[in-house]
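For the record, the sequence lines run as chains Z and Y.
Quick note on our numbering: the first sequence kicks off at 9 and runs consecutively.
Quick note on our numbering: the second sequence kicks off at 38 and runs consecutively.
Take a look at the structure set out below.
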Amino acid sequence: GESVGLHLPTLSVQEGDNSIINCAYSNSASDYFIWYKQESGKGPQFIIDIRSNMDKRQGQRVTVLLNKTVKHLSLQIAATQPGDSAVYFCAEQGAQKLVFGQGTRLTINP
Amino acid sequence: DGGITQSPKYLFRKEGQNVTLSCEQNLNHDAMYWYRQDPGQGLRLIYYSQIVNDFQKGDIAEGYSVSREKKESFPLTVTSAQKNPTAFYLCASRPSGGSQPQHFGDGTRLSIL
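Structure, rendered in structure tokens:
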């Protein structure tokens, strides 16, 4: 079956540094991936997505990289700010449902 | 503003009681979803609906029921058969077709009295 996993449950970075959150997926037929940010007590918020015909996509301060060879994607956050503290989920959009990873909690140190 | 509204934000259930969680969207999305999130965990799919008057079981449908009588509404009932209902419940919606992300409401936290 499909599964999406994250390499690290927690990540702590200094304010102003870049953050990299990794995710592995198992279904080589997957063609659409999404990163979400979830703050405490709130629903997941869409950050950025990428289709399998792309290797990289950039947004405002965020970049998603997709490596189909090793079935890995990453979320890079530039110049991490206190407001970036949250749990980050990668998700794979299958034919009918999203498959979520367990999430990585990002903590920002002042 | 367009969005997804879940209510109530907090809900308490007594033993043997059914409770219904509301989810309304004004995004004109065809598909709607219900997820359960336990502390420190990812999201697990309970039920989903891709069109009015039709819905399918997700990965953990036992003890739950849904209806989809209107495009904008997808209520979830947590029945007494669900023995461990304490969790954070999230509703989502997305347009049908193509690669489109799901958009989420801000959840309902259900606890047992």
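By construction, the Cβ of each residue, glycine as well, lies at the ideal position given by its N, Cα and C atoms.
- Bridge partners of ARG131/Y according to DSSP: ALA68/Y.
- Taking 8 angstroms as the upper bound for CB-CB distance, GLY109/Z and GLY79/Y are in contact here, some 6 angstroms apart.
- Comparing alpha-carbon positions, the option among GLU52/Y, SER59/Y, THR123/Y, ASN90/Y lying closest to TRP71/Y turns out to be SER59/Y.
- Residues are counted here when their Cβ sits less than 7 angstroms from a Cβ of chain Y; for the stretch 14-43 of chain Z these are TYR40, ILE42, given in chain order.
- In this structure, LEU64/Y lies near SER130/Y, with their beta-carbon atoms less than 8 angstroms apart.
- Contact annotation: in the stretch 106-126 of chain Y, no residue has its CB less than 7 angstroms from a CB in chain Z.
- If you check each beta-carbon in the stretch 81-99 of chain Y against every beta-carbon of chain Z, the ones closer than 9 angstroms belong to ARG81, LEU82, TYR85, GLN87, GLN93, GLY95, ASP96.
- ASN75/Z is bridged by DSSP to HIS80/Z.
- Between the beta-carbon of LEU83/Z and that of VAL70/Z there is about 6 angstroms, and that keeps the pair under the 8 angstroms contact cut.
- If you ignore the 5 residues before and after LEU113/Y, its C-beta comes within less than 8 angstroms of the C-beta of THR57, LEU58, CYS60, TRP71, ILE83, TYR84, TYR101, SER102, VAL103, TYR126, CYS128, all in its own chain and listed in chain order.
- A Cβ-Cβ distance of about 14 angstroms is found for the pair THR88/Z and THR18/Z, leaving them out of contact under the 8 angstroms criterion.
- The beta carbon of PRO132/Y sits no closer than 8 angstroms to any beta carbon of chain Z.
- A Cβ-Cβ distance of about 6 angstroms is found for the pair GLN62/Y and GLU109/Y, placing them in contact under the 8 angstroms criterion.
- Chain-ordered, the chain Y residues with CB closer than 7 angstroms to the CB of LEU106/Z read GLN139.
- Between the stretch 94-113 of chain Z and the stretch 44-58 of chain Y, the count of C-beta pairs closer than 8 angstroms stays below three; the two stretches do not touch.
- In the three-state DSSP reduction, ASP25/Z falls in the coil class, being neither helix nor strand.
- ASP143/Y sits in coil when the DSSP states are folded into three classes, being neither helix nor strand.
- The residue among ASN35/Z, TRP43/Z, GLU23/Z with its C-alpha nearest the C-alpha of VAL95/Z is TRP43/Z.
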